[in-house]
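There are 2 protein chains.
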Amino acid sequence: MTDIKAGLIGFGNIGAGVVRMLQDNAGVIRKKTGTGIVLKRIADLDITSDRGVAVDPACLTTDVNQIFNDPEISIVIELIGGYEPAKTFVLKAIASGKHVVTANKALLALHGDEIYTAAAAKGVEVQYEAAVGGGIPVLSAIKGNLAGNRFGSVFGIMNGTCNYILTRMTQEGADFADVLQNAKELGYAEPDPTFDIEGTDTAHKLAVLASLCFGTRIDFGAIYTEGITAISGIDIRFAEQFGYRIKLLAIGKQTDDGQLEVRVHPTMIPQDNPLADVNGVFNAIRLAGDFVGPVMFYGRGAGQNPTASAIVGDIIEISRSITAGVRSRRAAPLGFQDETIATLPLKPMEEIVTKFMLRFAALDQPGVLAGIAGALGLRGISIESMVQTTRHNGGQAVPIVIMTHEAREGSIREALAEIDRHDFICEKSRFIRIEDNLQ
Amino acid sequence: MTDIKAGLIGFGNIGAGVVRMLQDNAGVIRKKTGTGIVLKRIADLDITSDRGVAVDPACLTTDVNQIFNDPEISIVIELIGGYEPAKTFVLKAIASGKHVVTANKALLALHGDEIYTAAAAKGVEVQYEAAVGGGIPVLSAIKGNLAGNRFGSVFGIMNGTCNYILTRMTQEGADFADVLQNAKELGYAEPDPTFDIEGTDTAHKLAVLASLCFGTRIDFGAIYTEGITAISGIDIRFAEQFGYRIKLLAIGKQTDDGQLEVRVHPTMIPQDNPLADVNGVFNAIRLAGDFVGPVMFYGRGAGQNPTASAIVGDIIEISRSITAGVRSRRAAPLGFQDETIATLPLKPMEEIVTKFMLRFAALDQPGVLAGIAGALGLRGISIESMVQTTRHNGGQAVPIVIMTHEAREGSIREALAEIDRHDFICEKSRFIRIEDNLQ
């Protein structure tokens, strides 16, 4: 059996991890595939910097066409990230008849449909396990052994930066800005962390996951996305007081009416929910299938080595197809036959029904509670419990925190808008969604 | 595309679940495979009892040869369990050129090697995801996306009956015998629970997992197997006092010297270890790969529906191979090429090094601690902490509990044998292994 040849586009941190894993574990990979897997070409604009791995300089090129035009190369690994030129390169690789492995969640979330269609037409595989959950093999499981299930939900913690920040805010009582600054210094947050802390990265991953679980195209722009920048130490302390922890969750659900809920936002979950103990840079993804029931996957959601594990896993799976001499069994990139992919309607956020924690900053004067409770009651929002912690003298605002029973989000927003028109309200009122019964 | 035909041997609880899943989810399965999957024949000695699922009576047969001899049937599902006639049937199915799906961990743990060899020679697949962890797709992950890793360890909670009993003993302070009796009444334990509570079922699963992770044959008889029948409420309370929880763990490790540790026994793990919160009938399996790092899988480890999910998942994967028109990419049943499977040496239990909790029942008299500490010190066993809780008047035994630093198990056994020869020792001294740093 001749070696299988791959080409790598993008020789950054993750790319160097892939190179090292293919070198260090060549023996075990050969035992499992029956073939050698050789990185024949590595393309990057910078081919002089030291990446801490030994590569034959003859492999390196600044001309990506040396990969597309090489008939020996059957697998192209795209690790440059972002939309362009990644999209052009992936489509070119497919057009050249090469299988593609990518970790590019942004690309797939926005242009997956176009890429999968091109791949199906050409009869090549597009694999992307590393796009969600780093080294956690959750996408393979959904497409593979769990495929006989209808999934009711998929949710989880999918961004290590946000989880690291929220974990430290919870454990140390620290404030968002301070932890973020420190996280940057320690390398747990990018110099520009916007994509992470605003929830965009999590939404990219949710788009990929929800497509797989529900067999649907997802309009990325329609995913409700709210990051963690507005979460304060006060929110976290009140949540703890009520028995909850705040996590940035990605949530996908198919409701009984056939609509999808696809949303990313800070979420209060009970402290005894297994996700509540997923701390630091770890990720966890939970699925509910109609037969398998709840299943959870946990592991390192980012980093050079775990991400390399997922990418090399995809390369191995494709190599097995090549060795078997077939157009892959898995060519359908969503695990569904292409012609069956639907476009399920997304439920508008106003229609979401959940419990809420409401937080008001109000003057301590007669009529405040009546005003708040009245606006809630008028819209059928019922109160489960309430805390008004401290009582100041004079005209200082005191926090009032209310836990509601299940309510429409639209009603909550209307009630808060009405309440915020009162003079006794000192700052914009806040709400955090609660998920008590995520299955 | 014509439908793929399967034959089921064993129409019990799990078999009925498979029938129902193939019926209920036929639509989604077709969307994911492009074909229908039809159960053409169901063989069982009892073809009259109602299993709660609708089947065409013409499908039912008491003659298993109607499955082997039917050229239309390409997949045989073996769900009768036990060694015989399951082994004969599986080998006959393979000899008839049929792919095999089984949930039979006992069969694979003892006769896997013979079955895999026969399957490889015949070019058919043997899939067995349901054999370990019920619906949790951990075997697929090891053979699939995680395949590029060298695994340092695999361990977890793999028996729902034991975990249910230990969970209730921990939460209620109840005794083993009482909980077991109640578990039988509730259907969480078999009428004869020996295989579960003595650890045999867990050892079967560990044999399968360790073979996959380390690419080795495992001599099932050489697996150290200790169940939970000797665990008392006192053990659990002392463990809690020291910050630990007691779980029946299956542990597989490859040590630096190339030897394997493969063992099943009650184990004390820190209360903040994620496995400590895996309660009731849930299973969790944790792996450590050299690149992926720690990964954990969690879900329902038994039951009709989760087990059906894993079996149907295997059927789907095989169907995709058949549809692709190939001898499977995955024919190597251990994920390794057959000729590379090793027979790694198992480390003798006396050579295991870990921490221990020792519990003595001793008379409260001078010289006791000196006698115990002397026997330990003589063998280089150092004491981390000690508790002597109550002081009785007169000649009653008091419990003395000692936490050791890391020590050889052989040394511990020798020390306890010496200590037990003293007159001040009132009953056989006990030890429970501690795993502080399972990675």
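Residue numbers (our numbering), protein chains in the order written: chain A, 199 to 637; chain B, 199 to 637. Where is the CB? At the ideal position from N, CA and C, for every residue including glycine.
Within 10 angstroms of its Cβ, does residue i collect 16 or more other Cβ (buried), or is it exposed?
i: B/ARG551; result: Sequence inspection shows Val at residue 551 of chain B; the Arg mentioned does not correspond to that position. Under this definition B/VAL551 is an exposed residue.
i: A/ALA529; result: Here A/ALA529 scores only 46 on pLDDT, less than 50, and its place in the model is too uncertain to base an answer on.
i: B/ASP201; result: exposed
i: B/ILE357; result: The question names Ile, but residue 357 of chain B is Asn in the sequence shown. Per the 10 Å Cβ criterion, buried.
i: B/SER430; result: exposed
i: A/ALA307; result: buried
i: A/LYS403; result: buried
i: B/ALA256; result: exposed
i: A/ASP618; result: exposed
i: B/ARG527; result: Confidence in B/ARG527 is poor, its pLDDT being 48 and thus under 50, which makes the residue's placement too unreliable to answer from.
i: A/GLU327; result: buried
i: A/ALA486; result: buried
i: A/ASN503; result: buried
i: A/LYS296; result: buried
Whole-angstrom Cβ separation of residue i and residue j, contact assumed at under 8 Å?
i: A/MET555; j: A/VAL599; result: 6 Å
i: A/GLY397; j: A/GLY425; result: 4 Å
i: A/ARG631; j: A/HIS463; result: 6 Å
i: A/ASP324; j: A/VAL298; result: Note that residue 324 of chain A is Val in the sequence shown here, rather than Asp. Confirmed, Cβ separation roughly 5 Å.
i: B/SER507; j: A/ASN347; result: 6 Å
i: B/GLY332; j: B/GLY215; result: Contact doesn't hold; Cβ gap of about 11 Å is too wide.
i: A/ILE363; j: A/LEU378; result: 6 Å
i: B/TYR281; j: B/ALA304; result: 6 Å
i: B/GLY511; j: A/GLY342; result: 7 Å
i: B/THR414; j: B/ALA540; result: 5 Å
i: A/THR427; j: A/PHE393; result: In fact, because the Cβ distance is near 12 Å, the residues do not count as touching under 8 Å.
i: A/ASP475; j: B/ASP475; result: 7 Å
i: B/PHE629; j: B/VAL566; result: At roughly 18 Å, the Cβ-Cβ gap does not stay under 8 Å, so B/PHE629 and B/VAL566 are not in contact.
i: A/LEU277; j: A/ILE212; result: 5 Å
Residue i versus chain A: which residues are under 9 Å apart at the beta carbon?
i: B/PRO472; result: PRO472, ASP475, VAL476 and TYR496
i: B/ILE479; result: Here residue 479 of chain B is Val; the residue named in the question, Ile, does not match the sequence. Within 9 Å Cβ-Cβ: nothing; B/VAL479 doesn't reach chain A, min ~10 Å.
i: B/VAL460; result: The premise fails here: B/VAL460 is roughly 19 Å from chain A at the closest Cβ pair, so nothing lies under 9 Å.
Which residues of chain B have a Cβ atom closer than 9 Å to the Cβ of residue i, listed in chain order?
i: A/ALA168; result: This structure gives no information on residue 168 of chain A, because the portion of chain A shown stretches from 199 to 637.
i: A/ASN635; result: By Cβ distance, chain B contributes nothing, its closest Cβ being about 17 Å from A/ASN635, past 9 Å.
Would you mind telling me which residues of chain A sit closer than 7 Å to residue i, beta carbon to beta carbon, in chain order?
i: B/PHE534; result: LYS229 and LYS230
i: B/THR538; result: LYS229
i: B/GLY413; result: LYS229
i: B/VAL596; result: Chain A residues near B/VAL596: none, gap ~36 Å exceeds 7 Å.
i: B/VAL510; result: GLY346
Among the options, which has the Cα closest to the Cα of residue i?
i: A/THR587; options: A/ILE581, A/SER580 and A/ALA595; result: A/ALA595
i: A/PRO335; options: A/ALA301, A/GLN469 and A/SER351; result: A/ALA301
i: A/ASN477; options: A/LYS382, A/LEU220, A/GLY523 and A/CYS360; result: A/CYS360
i: A/THR453; options: A/SER519, A/LYS545 and A/PHE480; result: A/LYS545
i: A/ILE421; options: A/PHE412, A/ALA408 and A/ASP433; result: A/ALA408
i: A/ASP455; options: A/GLY350, A/GLY310, A/GLY441 and A/LYS382; result: A/GLY350
i: B/VAL253; options: B/ILE265, B/LEU237 and B/SER609; result: B/LEU237
i: B/ASP470; options: B/PRO283, B/GLU549, B/GLN457 and B/ILE444; result: B/ILE444
i: A/ILE271; options: A/ALA573, A/LEU574, A/ILE520 and A/LEU614; result: A/ILE520
i: B/ALA559; options: B/GLU625, B/GLY491 and B/CYS411; result: B/GLU625
i: A/GLY234; options: A/PRO468, A/GLY225, A/ASP242 and A/ALA241; result: A/GLY225
i: B/GLY575; options: B/THR505, B/THR602, B/PRO597 and B/GLY491; result: B/THR602
i: A/THR260; options: A/ASN267, A/LEU220, A/VAL251 and A/ALA241; result: A/ALA241
i: B/HIS620; options: B/ILE467, B/GLU607, B/GLN563 and B/GLN457; result: B/GLN563
List the residues of chain B that residue i touches, going by C-beta distances under 7 Å, in chain order.
i: A/GLU270; result: None at all; the shortest Cβ gap to chain B is about 21 Å.
i: A/VAL352; result: Residues of chain B passing the Cβ test: none, with the nearest at roughly 14 Å.
i: A/VAL226; result: ARG348
Quick one: list the residues of chain B neighbouring residue i, beta-carbon separation under 8 Å, in chain order.
i: A/VAL236; result: Result: empty, since nearest Cβ-Cβ is about 14 Å, beyond 8 Å.
i: A/VAL566; result: What A/VAL566 touches in chain B: nothing, since even the nearest Cβ is about 41 Å away.
i: A/VAL599; result: Under the 8 Å cutoff, chain B gives no residues; its nearest Cβ is about 28 Å from A/VAL599.
Residues from the region 394 to 408 of chain A in contact with chain B, defined by Cβ distance under 9 Å: none
Contact list for the region 316 to 349 of chain B against chain A, Cβ threshold 7 Å: Going along the region 316 to 349 of chain B in chain order, one finds GLU327, GLY333, ILE334, PRO335, SER338, ALA339, GLY342, ASN343, LEU344, ALA345, GLY346, ASN347 and ARG348 with a Cβ nearer than 7 Å to chain A.
Contact residues within the region 357 to 380 of chain B, judged by C-beta distance below 8 Å to chain A: none
Residues in the region 251 to 266 of chain A having any Cβ partner in chain B nearer than 7 Å: So the list is empty, because no residue satisfies the distance condition.
Chain B contacts from the region 512 to 526 of chain A (Cβ-Cβ distance under 8 Å): If the cut-off is 8 Å between Cβ atoms, the region 512 to 526 of chain A has ASP512, ILE513, ILE514, GLU515, ARG518, SER519, THR521, ALA522, GLY523, VAL524, ARG525 and SER526 near chain B.
Short-range partners of chain A found in the region 206 to 223 of chain B, where Cβ spacing is below 9 Å: For the region 206 to 223 of chain B, residues whose beta-carbon sits nearer than 9 Å to a beta-carbon of chain A comprise GLY215, ARG218, MET219, LEU220, ASP222 and ASN223.
Short-range partners of chain B found in the region 274 to 301 of chain A, where Cβ spacing is below 8 Å: Listed by position along the chain: nothing, the set is empty.
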